Every structure is written in structure tokens, then in C-alpha cells.
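Notes follow once the structure below has been shown.
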Amino acid sequence: MENPIKGRVWKFGNDIDTDLIIPGKYLRTKDMQVFAAHAMEGIDPEFAKKANPGDIIVAGDNFGCGSSREQAPLALKHAGIACVVAKSFARIFFRNAINVGLPLMEADIECEEGDEIEVDLLKGEVRVFGKGVFKGNKLPDFLLDMLTDGGLVGHRKKVQSQQKEESI
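Here this note's numbering is used: position 1 in the sequence shown is 23, and no number is missing along the way.
This is how it looks when you write it as C-alpha cells:
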């Protein structure tokens, strides 16, 4: 995980549900490129074509509400979204994002679509270039460790490997 994460803003409003992030008709596949090609299609059909690797989504309240599908954060991650910043997240989306290694931060920031921002997960801050620094909710260290290790699976593999070395 890179820190800080610097990128261009894609701005969305409140209550962006998982059907908007990845419509249900694409859930029958396990192909991450299909998820990436249709990320945010429910709200912006051209999003996946316009977004670039390293871009950052900024949203309002309750981002990721709706069903508990893990495919929603996977779609964003594989579309190249580097981070999601929102006023608040649906709890299941929040944990699914951490589990798949998609960085996120709860913060109420003022920015416009296309602005350059820098998200410092270690400090719990978001810098909007030309507009200021906004304080967010810093993730607990154990969640930062999971993100650094690429998500829950990568983290568990690392921990198990360390435990094997210690037992030798």
C-alpha cells in the first residue's frame, strides 16, 4: 500500500449502493476485468473508460450501502481506484474493502471532481491541493497492517509465515 495516496478525484453523492458500484448482472463471473470494466456503471456508464489508475473516489454519506457483495470493492480496486474517501461507509462495504486491500478513509472534505488530493492513511488526513487539509478518521493499526499486506488473505499468509519461522 502506498502512503500517502495521491490522485485525481471522481466525486459522487450520498447513498451510493453496491448495485451502482457493480450492477448485479455482472456478478455471475469471477473475471476481475469484467468487474473493472463495469465499475460505477450504475451511476456513470462511462466511468471505467474515463477513470485512470490511481484515481480516488470521494463521496458523501453511506457509500457502499445495499447488498454485502464483495464484488463492489473488487470492481473499484481492479478498475485502478487507489482509494475511496467518504463521509461514511456502509459497515459491510468498509470491511469488504479492507479485506480485498482497497484503501479507504472516512472524512468530510471539500473538493470538486478533477481536483488533485493526497490521502495520508497514517495521519488520517486528506490534502486537497489549493484548498487545505481535512482531518479524517485514522484507521486502527491492525487494519492498516491488512491494507499494507494487500488485504485479509495476504495478511493471514504473512502472519502464518511469521509464526512458522518463530516455531523453528
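Built from N, CA and C at the ideal position, the CB exists for glycine as well. Predicted model only: the values in this text are computed from it and were never measured.
{"Query": "Give me the residue from 34, 23, 103 with the minimum Cα distance to residue 133.", "Result": "34"}
{"Query": "Could you have a look at residue 62 and say whether DSSP puts it in helix, strand or coil?", "Result": "coil"}
{"Query": "Below 8 angstroms, how does it come out for the stretch 103-118 and the stretch 79-91: are there three or more Cβ pairs, yes or no?", "Result": "yes"}
{"Query": "Between residue 46 and residue 98, what straight-line distance do the alpha-carbon atoms span, to the nearest angstrom?", "Result": "15 angstroms"}
{"Query": "Is residue 50 helix, strand or coil by DSSP?", "Result": "coil"}
{"Query": "Is the separation between the beta-carbon of residue 112 and that of residue 156 shorter than 7 angstroms?", "Result": "no"}
{"Query": "Just curious, the beta strand (DSSP E) that residue 186 is in, first and last residue?", "Result": "Note, residue 186: premise wrong, no beta strand (DSSP E); alpha helix (DSSP H) at 174-189."}
{"Query": "Measure the beta-carbon distance from residue 122 to residue 64 and round it to whole angstroms, keeping in mind my assumption that it falls under 8 angstroms.", "Result": "Residue 122 to residue 64, Cβ: 19 angstroms. No contact."}
{"Query": "Under 7 angstroms between the Cβ atoms of residue 93 and residue 49?", "Result": "yes"}
{"Query": "Using 10 angstroms around the beta-carbon of residue 144, count the other beta-carbons present and answer buried if the total reaches 16, otherwise exposed.", "Result": "exposed"}
{"Query": "According to DSSP, residue 193 sits in a beta bridge with which residue or residues?", "Result": "As displayed, the chain neither begins before 23 nor continues past 190, which places residue 193 out of reach and without an answer."}
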